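Quick notes on the structure that follows.
The structure is reproduced here in structure tokens:
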């Protein structure tokens, strides 16, 4: 038996497990290989031999990491030739070694014009042989689903890599009026945006700020006040919440104010953030790619392409199948607001303006200007409950007061390609 085990090399074992690797039902780990070899052949092999066998079998199926990088230029060339309007680029150093890579599918570039002008940016670590990071930019479609924009690979998150990435992003999708980027507090992201998109605004994720507060052992009472301050629509309410924080915990107040509120508080932002106060959409994208981060670069890109094709196909079908003037999710939101709107008192001022009373507070709604004293109407560019109450009293279509980003027509155009 021992002699047989000596001949059971990692190369030989790889031949036994290659079909398992191809089968998505199996999670092929060293422990799995060790158990299979014992069960099927009565062989006791070590962990490292099992691991080497997996690497050999994987290389046979997917190619080695070195082969993948050698084929990257050809892969991107084919990507562009098969996907109209796709933008790609690779940067190499003076020794012809890989530095950075960027790509954005033509369908994403075309669809982006029908999404809200908000881009969330983040990076996730790769776990294949050469490591590095995968940079991702996403937005939201009319139905509030993740809309993937662009991808990049670099050796690490640093000033040079992000400046190059954002330069390529600008080459691919250009810029837009009222553009805002969202990210965590990574200084290299801030550097890249400031250098390449100086006309845009850079907001930060309130979830990351909240996590920093928890690491500082801030009381839950203060964290709740921070959450309220960050989310409210009216500057007056923001000031009240911050005043309460200052009374309870002056150190935390000072810490929060080190970061200009324009970057994290909705009511202070010079650009609309809509409902995007965190970067959870890009983190959700990172989670989806969790397992494929270990694959060679081309196999990971294959996975992303298949996932995006499925998303575009399914969402186009969903948009075509809706009977509403707006996306399904927006229609549901409007319906929820109607129930609340019926509890409010509405007094018409003229053909467009109304005074709406909610718990003894009066809000002036101007349907012509699409504004309300609560500021939610103009910040989200969707009718608030006060606007809904005024609209219902006049028996007008609610979709007339939703901006284009939320309409079925925009949803369809987003996934037209």
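Numbering (this note's numbering), first residue to last: 7 to 423.
Don't be surprised by glycine CBs; every beta carbon is placed ideally from N, CA and C.
The structure presented is a predicted model; accordingly, all values stated were derived computationally and were not measured.
Cβ contact check for the segment 165 to 176 and the segment 188 to 205: 3 or more pairs under 8 Å: The way I'd put it, the segment 165 to 176 does touch the segment 188 to 205; three or more beta-carbon pairs between them come closer than 8 Å.
Distance between residue 387 and residue 394 (C-alpha atoms, nearest Å): Taking the straight line from one Cα to the other gives about 13 Å.
Whole-angstrom distance between residue 351 and residue 407, CA atom to CA atom: Answer to the nearest angstrom: the Cα atoms are 20 Å apart.
DSSP state of residue 124 mapped onto helix, strand, coil: strand
Segment limits, alpha helix (DSSP H) that includes residue 339: 334 to 347
Per DSSP, the bridge partner or partners of residue 97: 106.
Nearest-angstrom Cα separation, counted from residue 405 out to residue 176: 33 Å
Residue interval of the beta strand (DSSP E) (run including residue 372): Residue 372 -> beta strand (DSSP E) spans 367 to 372.
Closest residue to residue 99 among 124, 86, 132, 160 (Cα-Cα distance): Answer by Cα proximity: 160.
Straight-line gap, residue 150 to residue 328 (C-alpha atoms, nearest Å): 15 Å
Cβ-based burial, residue 106 [other Cβ within 10 Å; buried from 16]: Residue 106 should be labelled buried.
Neighbourhood of residue 164 by C-beta, 6 Å cutoff - its chain only, sequence neighbours within 5 removed: If we look at residue 164 and ignore the five residues flanking it on each side, its Cβ neighbours are 194.
Stretch pair the segment 219 to 230 + the segment 251 to 266: three plus CB contacts closer than 8 Å: yes
Straight-line gap, residue 50 to residue 35 (C-alpha atoms, nearest Å): 15 Å
For residue 146, the three-state DSSP class (helix, strand or coil): strand
Residue from 232, 111, 237, 282 whose Cα sits closest to the Cα of residue 249: 232
Beta-carbon contacts of residue 311 that lie in its chain and below 7 Å, excluding the five residues immediately before and after: none
Per DSSP, cross-strand counterpart(s) of residue 188: Looking at the DSSP output, residue 188 shares a beta bridge with 126, 209.
CB of residue 207 within 8 Å of CB of residue 196, strictly: no
Rounded separation between residue 7 and residue 46 - CA only: Note that residue 7 scores 38 on pLDDT, short of 50, meaning its location in the model is unreliable; the coordinates nonetheless yield the value given after this. For residue 7 and residue 46, the distance between alpha carbons rounds to 14 Å.
Helix, strand or coil at residue 19 according to DSSP, with G and I counted as helix: helix
Beta-carbon proximity list for residue 186, same chain, < 7 Å, skipping 5 on both sides: 123, 124, 206, 207, 209, 277, 279
DSSP-derived helix/strand/coil call for residue 380: coil
Rounded separation between residue 267 and residue 282 - CA only: 15 Å
Rounded separation between residue 258 and residue 224 - CA only: Looking at the two C-alpha atoms, the distance is approximately 7 Å.
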